[in-house]
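Okay, so here's the structure we're looking at.
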Ligand SMILES: [Zn+2]
């Protein structure tokens, strides 16, 4: 699993997700899609 950080280029919102891959995500604030992972680290 990965702890992944994202920052939305559209509204400036930043958030983290835990997921099995560091794939693109969607902004929970403005629903902008295909936001690339800012950084991520592997967790158990
Ligand atoms: Zn946004």
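Numbering (the numbering used here), first residue to last: 1419 to 1462. In this text, a Cβ means the ideal position worked out from N, Cα and C, and glycines have one as well.
| field | From 1454, 1427, 1431, 1436, residue whose alpha carbon lies closest to that of residue 1460 | value | Along the chain shown, read from residue 1 onward, the residue named residue 1460 stands at position 42. For residue 1460, the nearest C-alpha among the options comes from 1436.
| query | Is the closest heavy atom of ligand 1 to the C-beta of residue 1441 under 7 Å? | reply | Position 23 of the chain shown, counted from the start, is the residue given in the question as residue 1441. Not so, every heavy atom of ligand 1 lies at least 7 Å from the Cβ.
| said: Considering Cα atoms alone, identify which of 1439, 1424, 1458 is closest to residue 1450. | reply: Position 32 of the chain shown, counting from 1, holds the residue named residue 1450. Checked all of 1439, 1424, 1458; the closest Cα to residue 1450 is 1424.
| said: Mapping the DSSP letters down to three states, classify residue 1428 as helix, strand or coil. | reply: Working through the chain shown from its first residue, we reach residue 1428 at position 10. The answer is coil: DSSP assigns residue 1428 none of H, G, I, E or B.
| Buried versus exposed call for residue 1445 [16 or more other C-beta atoms within 10 Å across all chains shown] | One-based indexing of the chain shown puts residue 1445 at position 27. Classification of residue 1445: buried, given that the 10 Å Cβ count is 16 or more.
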